[in-house]
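Each remark here refers to the structure printed beneath this line.
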Amino acid sequence: MKKLDRIVNTVNYKNFDINLWATLASRVLSAIGYTMIMPFLAIMLARYHNLNTNQVAIVVSIYGFSQTGLMIPASFIVDRIGYKLSMIIGRILGGVIYILYLYISNVQLLALISITIGLGTSMFNLACKSFVSLNTASDEQKKLQAFTLYNLSLNIGGALGTLIGAIFMDKNGIVVLIYVVSVLNIFAAIIIDRIVVLDFDNRIKNKIKDSLLGFFTVIKNKKFCLYFVVIILIHISYSQFFTVLPIYFSKYNVSMLVYSIMLVINTIISVLFQIPLMIIINKKIKSNSLLGLGLGSLLIGFSIAILFLSTNMFILFFVAIVFTLGELIFTPFEDKAISDTINNVQYTSAYFSIASLGWSLAKGLGNYVGIRMLSVLHKNLFSIFISSFSLIASILLFFIYFFKQDKIIETFSENNL
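Note that the UniProt record's numbering numbers the sequence shown so that position 390 is 390, with each residue one more than the last.
Right, here's the structure in full:
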């Protein structure tokens, strides 16, 4: 009982107001809805509208790109109308409009629907992250806890959504699936509308000119640029686990069942150990973003290196655990690191929009480079090459922390004046 009390006190949930909890609850619902559809969208379009392979590929590709590729235009809208309204409209556009997939079979219109859904999703995600950042700006520990819970909400929603979506697809319940997703997003919008009250929302609204100035301010922020580049390097290695690894297994005749078990391990650990791990890490490194990113990138780089060297099932399962631990450390710290660099709250959404767009492009680049290099390099060389991005990032972060932190902070402070 005393251990439980210590854990509760360490996380200190009482510091989180109802606005933050409501935002996280709506984030869980939206994540469930998204993952109920995303893995099965191609099958749904092919079955329900009898589209050919090329048409399905076009719609799904546009859908996938729009989820993160529209962050910049979404930022202009968020800045103009405020965070709360952006979250509400984002859930309507990014969730309820899924219903149109059932009644429209024209490829051009389906592509337009996909873009609209992506814009709504980008608006919602940007507004959520910006709100979490502003709500916790004065407390480093609270900020890390909030972004940890934010990522936990994604993991819980993702785990439940995929399972529920698969059940509906097995029962051939495409229509019911779409309507359930829409209802979930309506509930998410109602939670935001009825519960969330943002005192600072009216002070953040920017005109287009102010938003453009915000983007220039972000680009000139040296601390942001450092974290931005480092996190891009980590994402290039990180992306290999979810896209290139199955291709590697196929090439070297490793059963896909092994990969499925690795994904299950990743999901279970992500849901059950995100908070306990955050408590341990926070206690050891005191919410320091340099150390958090450094440790996370080190574990990711190490695990990616071993994954592409061995085909032993038990080694692969162990490395999947190490990778997941690195992921759980890395993901909240990447958001916290960007939040730490914000020197003008008026441009919060600009910071997160540029960061999210960059990381999305990094994942795409990682997928391309990984698939390309896997076909031309021996697995030993490929392992060294693809893991080096994350390992170089960790070396750089540790070097700055242990040897150049004071000088870097001084430079950043001068830059932000």
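For each residue, glycine too, the CB sits at the ideal point set by N, CA and C.
Fair warning: this is a prediction, and the values are worked out from it, not measured in the lab.
**Prompt:** Thinking just about the alpha-carbon of each residue, which of G33, Y101, S375 is nearest to the one in L163?
**Reply:** G33
**Request:** Reducing DSSP to helix, strand and coil, say where Y252 ends up.
**Result:** coil
**Prompt:** Taking DSSP as the reference, what is the three-state secondary structure of D79?
**Reply:** DSSP, read as helix, strand or coil, puts D79 in helix.
**Item:** Any alpha helix (DSSP H) of 4 or more consecutive residues that is wholly inside the stretch 132-193
**Value:** 140-170
**Message:** With H, G and I counted as helix, E and B as strand and the rest as coil, what does DSSP make of residue 420?
**Reply:** The structure shown has nothing for residue 420, since the chain only spans 1 to 417.
**Asked** Skipping 5 residues on each side, what residues in its chain have a beta carbon closer than 8 Å to that of M373?
**Response** F382, F385, I386
**Asked** In three-state terms, what does DSSP make of H235?
**Response** helix
**Request:** Can you grab the Cα-Cα spacing for the pair N367 / H235, in whole Å?
**Result:** 10 Å
**Asked** Contact check, L85 vs T116 under 8 Å by CB: the rounded distance?
**Response** So it is not a contact: roughly 17 Å between Cβ atoms.
**Message:** Just to confirm the assignment, what range does the alpha helix (DSSP H) spanning P276 have?
**Reply:** 274-285
**Request:** Alpha carbon to alpha carbon, how far is W21 from K3? Give it in angstroms, no decimals.
**Result:** Low confidence applies here, because K3 scores a pLDDT of 47, under 50, leaving its location unreliable; read the following figure in that light. When rounded, the distance between both Cα atoms is 24 Å.
**Asked** How many Å lie between T10 and N344 at the Cα?
**Response** Because the pLDDT of T10 is 44, which lies under 50, any placement of that residue in the model is unreliable, and the question is left without a value.
**Message:** Restricting to runs no shorter than 4 residues, where is the alpha helix (DSSP H) found entirely within the stretch 22-100?
**Reply:** 41-49, 53-69, 71-81, 83-93
**Asked** When the Cα atoms are used, what is the spatial distance from K286 to A57?
**Response** 46 Å
**Message:** Determine whether the beta carbon atoms of I113 and L102 lie at a separation below 7 Å.
**Reply:** no
**Request:** Compute the Euclidean distance between the alpha carbons of T121 and Q67, then round it to the nearest angstrom.
**Result:** 6 Å
**Request:** Taking all protein chains shown into account, decide if V28 is buried (16 or more other Cβ within 10 angstroms of its Cβ) or exposed.
**Result:** buried
**Asked** In whole angstroms, what is the alpha-carbon distance linking V376 and V271?
**Response** 37 Å
**Request:** Give the secondary structure of L365 by DSSP, where H, G and I count as helix, E and B as strand, and everything else as coil.
**Result:** helix
**Item:** Three-state secondary structure assigned by DSSP to F224
**Value:** helix
**Message:** Rounded to whole angstroms, what is the Cα-Cα separation between F302 and I321?
**Reply:** Between F302 and I321, the C-alpha separation is close to 12 Å.
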